[in-house]
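Chains as they are written, first to last, in our numbering: chain A, 41 to 216; chain B, 41 to 216; chain C, 41 to 216. The beta carbon of each residue, even a glycine, is placed where N, CA and C say it ideally should be. What follows is a single structure, written as structure tokens, with notes after it.
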Amino acid sequence: MQLSSLSSVAKVPFSVKAQFPTVKKNNSMAESTAPKWAQKTISLPPYRRGCHLVTSKIAKEIEQDLSGFKCGLAHLFLQHTSASLTINENYDTDVRDDTETFLNRIVPEGSSAPWKHTLEGPDDMPAHIKSSMFGCALTVPITNGKLNMGTWQGIWLCEHRDHPTSRRVVVTLNGI
Amino acid sequence: MQLSSLSSVAKVPFSVKAQFPTVKKNNSMAESTAPKWAQKTISLPPYRRGCHLVTSKIAKEIEQDLSGFKCGLAHLFLQHTSASLTINENYDTDVRDDTETFLNRIVPEGSSAPWKHTLEGPDDMPAHIKSSMFGCALTVPITNGKLNMGTWQGIWLCEHRDHPTSRRVVVTLNGI
Amino acid sequence: MQLSSLSSVAKVPFSVKAQFPTVKKNNSMAESTAPKWAQKTISLPPYRRGCHLVTSKIAKEIEQDLSGFKCGLAHLFLQHTSASLTINENYDTDVRDDTETFLNRIVPEGSSAPWKHTLEGPDDMPAHIKSSMFGCALTVPITNGKLNMGTWQGIWLCEHRDHPTSRRVVVTLNGI
């Protein structure tokens, strides 16, 4: 692989729509408009099998870093294959319970299940499948120092194993 | 959280494979090679329940901004929990219809459904589940000012509620 | 669309948690801390229908570029609508086989299937559905020149068609 390469003193045009406060022109050298990266690994405490709202737990871990970004993206990456991250309703706990009910109906478990991979327990193979159904990563826009989700959106950790364990999430923030 | 910090005048090496036009070396200070961010919220019109091809609607809203990026990523974030964004076939409407058929078969609805969350109507809890199955966000590579999707790929908005409503998408562009 | 715009000489604060080696302050002009983009399209060889571990194939194609990033994100984008990319268990081939079994049970195929889109063969419409279930794109954090996945995580290509074909993946790297 031969790569062409190019260097430059970076100018950082910041283009946003009206909902953003206009950045003052005489502020154009400000640190706040320079591209920034932040990355950290956070640990979520053990949760019982099921879907759990973790927005505030994650926000608490990253809000200080987040506040430095006018515009950007937050990437959350769960380093596990038997749990998942998804964005869904943030208000009624029944929605989380019903989603867990759905996952258990759709993915066979126990003696009726056709799985070859059973050494780690009857809940392990179903957990892997659920992890790929919902995914292990999320990317959320950052706007004015906050995660720019909809009114009813929240971040869920879905624990698919019977035995609760702490789960690691690599958070990467990128923006200006 | 104690963060280490570092500042520098940014050099922006641009490394791409052969399919890109080689960027001229004497052009290395050009604005086009500096990191840029653009973010806007667009509104998709109300669609009936089902899967809909929205590539051209979204492209129209962002094509002017997009044209300024040689290389980058476009992030689309649907701010709702009862609809979803996915990438799939862009030609035969039957594929969208069949996908809607699948979703309705896989997620029980109505009197036979086991849901506790029913206050917002029989289509609401199924809509939440379908939203997590397909997801509410997409990231698409940008190459030479365009979304770099495959020949047969298109962006779908999947409306999972019976009552059509306008849907908001936060689009974040990042690249050089 | 009226966009406000702003330019600046970029400062690049690099904020990371303790697990990163502290970047020396007198090294602050180093290329390694400047924002970089790299993008290339790689071809995966034809795989038979089913789930396949492709971490090492992808790593081999991008490891040289990857090694230049201290912190960033790697985006993988499959340019097809009848295959998918997912992250799951990297050790026991039974997990991949069982996941393929699950997908075939959940998505009807053949004479009992309700699909209208059948012209491209009985495996085509199921392939499209599976592609949206698992998705065609992944974003993985980069830390110290490597993909920062968990111990048991690997990248899977899931081929949903009967006839194996080569599959293109657009890889975009962004970071410092």
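For B/P148, the three-state secondary structure derived from DSSP is coil.
Straight through space, the alpha carbons of A/I182 and B/A74 are spaced by roughly 20 Å.
Judged by DSSP in its simplified three-state form, A/S83 adopts strand. Counting every other CB atom within 10 Å of its CB across the protein chains shown gives A/E199 a total of 16 or more, marking it as buried. Listed by position along chain B, the residues whose Cβ is nearer than 8 Å to that of A/V180 are F117, A177.
Chain-ordered, the chain B residues with CB closer than 7 Å to the CB of C/H157 read D132, D134, V135, D138. About 5 Å separates the Cβ atoms of A/L125 and A/L178, confirming a contact at the 8 Å cut-off. Taking 7 Å as the threshold, the shortest C-beta distance from B/H120 to chain A falls below it. Close partners of B/I216 in chain C (Cβ separation under 7 Å): W77.
C/V94 and C/L187 do not touch by the CB rule: their CB atoms are close to 12 Å apart, not below 8 Å. Closer than 7 Å to the CB of C/G190 there is at least one CB belonging to chain A.
DSSP, read as helix, strand or coil, puts C/A123 in strand. Only exposed fits A/E103, as fewer than 16 other CB atoms lie within 10 angstroms of its CB. For A/S124, no CB of chain C lies under 7 Å from its own CB, so it is not counted at the interface with that chain. Linking C/G108 to B/I216 through their CA atoms gives a straight-line distance of about 18 Å. C/H157 sits close to B/D138, with the two beta carbons spaced by under 7 Å. Going by C-alpha positions, A/S122 is about 13 Å away from A/V209.
B/H168 is positioned such that its CB atom lies closer than 7 Å to that of A/V135. Between C/I98 and C/M189 the beta-carbon gap is near 11 Å, outside 8 Å, which marks them as no contact. Counting along the chain, the unbroken beta strand (DSSP E) around B/E199 starts and ends at 193-199. Using a 10 angstroms sphere on the CB of C/P166, the tally of other CB atoms reaches 16 or more, which defines it as buried. For B/L113, the nearest CB of chain C lies under 7 Å from its own CB, placing it at the interface with that chain. About 6 Å separates the Cβ atoms of A/T141 and B/P154, confirming a contact at the 8 Å cut-off. In this structure, A/Q79 places its C-beta atom within 7 Å of the C-beta atom of C/C111. A/T205 has its alpha-carbon roughly 7 Å from the corresponding atom of A/P85. In the three-state DSSP reduction, B/E129 falls in the strand class (E or B). Note: C/I182 is bridge-paired with C/G112, C/L187 in the DSSP secondary-structure output.
Under the three-state reduction of DSSP output, B/A74 falls in the coil class, being neither helix nor strand.
For C/S172, the residues of chain B that pass the 7 Å Cβ criterion are T126, N128, T139, F174, in the order they occur in the chain. By DSSP's assignment, B/T212 forms a beta bridge with B/Q79, B/H115. Interface residue (Cβ-Cβ distance to chain B less than 7 Å): A/F109 is not classified as such. About 6 Å separates the beta carbons of C/F174 and A/S172, which is inside the 8 Å limit, making them a contact pair. Assigned with DSSP and collapsed to three states, A/R136 falls in helix. Beta-bridge partners assigned by DSSP to C/R207: C/L84. Taking C-beta atoms as the reference points, B/W192 and B/N144 fail to come closer than 7 Å. Contact of C/I146 with chain A by beta-carbon distance below 8 Å involves I146.
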